[in-house]
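A short write-up of the structure that comes next.
There are 2 protein chains.
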Amino acid sequence: MNENSPYIYNKVTIVGVGLMGGSLGMALKDKGVAKEVMGWGRNEGRLAAARELGAIDRGTRDRGEALAGTDLLVFATPIGVTSRIAPEWFADAPPGCMITDMVSVKGTLVDDLTALAGPRRYYASSHPLCGSEDTGVGAARPDLFDGKLCLITPVPKTKKPAIGGVQSLWQALGMTVISMAPTRHDQVVAAVSHFPLLLASALINQIGDEKLLKFSGTGLLDTTRIAGSSPVMWAEIITANKKAVLGQLDGMMETLMLVKQHVKSGDPARIKGWLQRASRRRRKM
Amino acid sequence: MNENSPYIYNKVTIVGVGLMGGSLGMALKDKGVAKEVMGWGRNEGRLAAARELGAIDRGTRDRGEALAGTDLLVFATPIGVTSRIAPEWFADAPPGCMITDMVSVKGTLVDDLTALAGPRRYYASSHPLCGSEDTGVGAARPDLFDGKLCLITPVPKTKKPAIGGVQSLWQALGMTVISMAPTRHDQVVAAVSHFPLLLASALINQIGDEKLLKFSGTGLLDTTRIAGSSPVMWAEIITANKKAVLGQLDGMMETLMLVKQHVKSGDPARIKGWLQRASRRRRKM
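Those protein sequence lines, which keep their order, are chains U and C.
The working numbering numbers the first residue of the first sequence as 17 and each following residue consecutively.
The working numbering numbers the first residue of the second sequence as 17 and each following residue consecutively.
Written out as structure tokens, the structure reads:
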């Protein structure tokens, strides 16, 4: 970080230039947060596409080149990839470097990466709550983060300057930052994101006869929209957040048992009270 | 019906002038299907509003006045009201009159009303698959039926001319008409409409901590949109379609048990295959 420059960061290195990494690069340049954005990826063609779309200034497949002189390193890779490659990236990151990730399930990742950071690097974990049903840098947008929430998930060993640095990064991109423990984070996203995706998929799969789908109105279309998202990505997320997702599944089975009793009673007043609670809450959202 | 007139019907009487009845009146006049639209309701103020919005030409609280010279009588009332008032309306309807309803759960209604029609009136039941989260004539729109599906649900005793007449009514309003037995109808709408509403409400109610709702993205907003609809109306619909809704509830509990096994296995490939099936189907919709 250079106080004589209008930029917060001289060089930002983004690991993985897909929807999230590409949007981050665009936003950093758009808001004048980074002087240079370097993208790292395994595929030359995709790096070239990211360059052409203005998501990165330079692209490389070489870790050393990616990290030279970097003052902010961001992992925009999926959960599994991030845990696997983190040790070598942390080892090679310049001393004093700020590091974050954008992984959507935290599990033990934050503890693991905090240990890797050691005394000379500043790591705090983050999860910007935004995205798209589309994937890849072609779907990237500089305004993806604007006005959205970002969760940061420190652990007791997270350094204060790392929290401050990562917080100001996302705030500079127009986000509201909220801090919570990794375990709480995983429960929250299971409830508002991972489990709803699972339930929407269950609803689609339950309509056994595909011919029935033509009778669906906008209600069913809305209710099942997220079920059209990337199954590969979601299978990884749900598996990684297994514990919290199983908690939601058990909760839903209990809820449906209760609803069954309401419906079985044949008394509209019982189901009406329950629907009213949902309706009031939905209108507040 | 008068062959010397450009209209299909000289006088149409709509019982209940809310969202559906009001939209029907507007559409009948918009497409030149009816020369005169008469609205019946219990509330003078609402009838006046319907007249001002152009949903009806005349409004009355008097059944005799409503029925005088009518050649098409349409019940746009909720299920319970329709069953309760049908006997006196059928008794007073002019001989030769065509009659239909727009009730969204059929149960034994079609058999009951077919018996009331006797030999001199032509009754066939219908259910236009369209609507709105808003209620009342203020939300009525002349294009509500355009390009949508209408299910007609004849029973063995339904007269052929009644089927033909009701079919051409909805076709004249731009709808595609599909015929099925009442029991099948109730199963279909339970699967694509009533149960999805119940599931969206369950998802909202399960998120016990209202503070969590602020973390919800567009996914949860879409998935739960229908849960904001009228609890009174839906409590009646779900109770009336109890048997088919309970079938869906049992099916969902089985589906969730299966999903639980997939998630519990910790093998992303198992949940991926299941998500892929949902994703493929959703994209077809």
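Backbone N, C-alpha and C fix where the C-beta goes; we use that ideal spot for every residue, glycine too.
Computed from a predicted model, the values in this text were never measured in an experiment.
Give every residue of the same chain whose Cβ lies closer than 7 Å to the Cβ of residue i, excluding the five residues on either side of it in the sequence, and list them in chain order.
i	result
residue 127 of chain U	171
residue 194 of chain C	165, 167
residue 255 of chain U	none
residue 145 of chain C	164, 165, 166, 167
residue 96 of chain U	252
residue 63 of chain U	33, 55, 57, 75
residue 133 of chain C	106, 115, 139
residue 175 of chain C	138
residue 17 of chain C	Only weak support is given to the placement of residue 17 of chain C: the predicted model assigns it a pLDDT of 44, under 50, and the value that follows is read from those uncertain coordinates. Cβ within range, chain order: 24, 25, 87.
residue 234 of chain U	none
residue 131 of chain U	none
Would you mind working out which of the options sits nearest residue i, comparing C-alpha positions?
i	options	result
residue 206 of chain U	U:189, U:263, U:33	U:263
residue 39 of chain C	C:154, C:57, C:88	C:154
residue 261 of chain U	C:222, C:248, C:245, C:237	C:222
residue 89 of chain U	U:157, U:50, U:252	U:50
residue 227 of chain U	C:209, C:227, C:244, C:204	C:204
residue 76 of chain U	U:47, U:269, U:113, U:56	U:56
residue 141 of chain C	C:230, C:156, C:288, C:124	C:124
residue 139 of chain U	U:178, U:210, U:48	U:178
residue 198 of chain U	U:137, U:173, U:188, U:184	U:173
residue 208 of chain C	U:129, U:79, U:225, U:192	U:225
residue 86 of chain C	C:181, C:29, C:36	C:29
residue 294 of chain U	C:60, C:245, C:135	C:245
residue 80 of chain U	U:54, U:65, U:94, U:67	U:54
residue 220 of chain U	C:162, C:200, C:110, C:299	C:299
residue 274 of chain C	U:215, U:83, U:230	U:215
residue 243 of chain U	C:110, C:250, C:158, C:296	C:296
residue 158 of chain C	C:301, C:48, C:200	C:48
residue 66 of chain U	U:78, U:114, U:83, U:36	U:36
residue 249 of chain U	C:234, C:250, C:238, C:289	C:289
residue 169 of chain U	U:192, U:196, U:176	U:196
residue 143 of chain C	C:131, C:192, C:100, C:113	C:192
residue 200 of chain C	C:84, C:259, C:83, C:82	C:259
residue 113 of chain U	U:181, U:236, U:131	U:181
Would you check if the distance between the CB atom of residue i and the CB atom of residue j is smaller than 7 Å?
i	j	result
residue 271 of chain C	residue 218 of chain U	yes
residue 190 of chain C	residue 92 of chain C	no
residue 188 of chain C	residue 71 of chain C	no
residue 27 of chain U	residue 60 of chain U	no
residue 111 of chain U	residue 136 of chain U	yes
residue 247 of chain C	residue 292 of chain U	yes
residue 268 of chain C	residue 229 of chain U	no
residue 69 of chain U	residue 102 of chain U	no
residue 238 of chain C	residue 162 of chain U	no
If you drop the 5 nearest sequence neighbours on each side, which residues of the same chain put their C-beta closer than 8 Å to that of residue i?
i	result
residue 265 of chain U	211, 214
residue 184 of chain C	24
residue 186 of chain C	142, 144, 161, 166, 168, 193
Grab me the residues of residue i's own chain with a C-beta within less than 6 Å of its C-beta, minus the 5 sequence neighbours each way, in chain order.
i	result
residue 160 of chain U	39, 146
residue 98 of chain U	91, 117, 119
residue 73 of chain C	52, 53
residue 257 of chain C	121, 202, 206, 210
residue 82 of chain U	29, 54, 56, 76
residue 20 of chain U	Here residue 20 of chain U scores only 49 on pLDDT, less than 50, and its place in the model is too uncertain to base an answer on.
Would you say the beta carbon of residue i is closer than 6 Å to some non-hydrogen atom of the ligand SAM?
i	result
residue 298 of chain C	Among the ligands in the structure shown, none appear at all, so the ligand SAM cannot be discussed.
What ranges does the alpha helix (DSSP H) occupy inside the segment 125 to 205 of chain U, keeping only unbroken runs of at least 4 residues that lie completely in it?
125 to 133, 176 to 188, 198 to 205
Three-pair Cβ contact test at 8 Å for the segment 141 to 153 of chain C versus the segment 100 to 108 of chain C:
no
Along the chain, which unbroken stretches of the beta strand (DSSP E) at least 3 residues long are found entirely within the segment 44 to 107 of chain C?
50 to 56, 74 to 76, 88 to 91
Check whether the segment 112 to 124 of chain U and the segment 271 to 284 of chain U touch, using three or more Cβ-Cβ pairs below 8 Å as the test.
no
Is there contact between the segment 28 to 44 of chain C and the segment 284 to 293 of chain C, where contact requires at least three CB pairs shorter than 8 Å?
no
Runs of alpha helix (DSSP H) lying entirely within the segment 235 to 294 of chain U, each at least 4 residues, in chain order
247 to 256, 258 to 280
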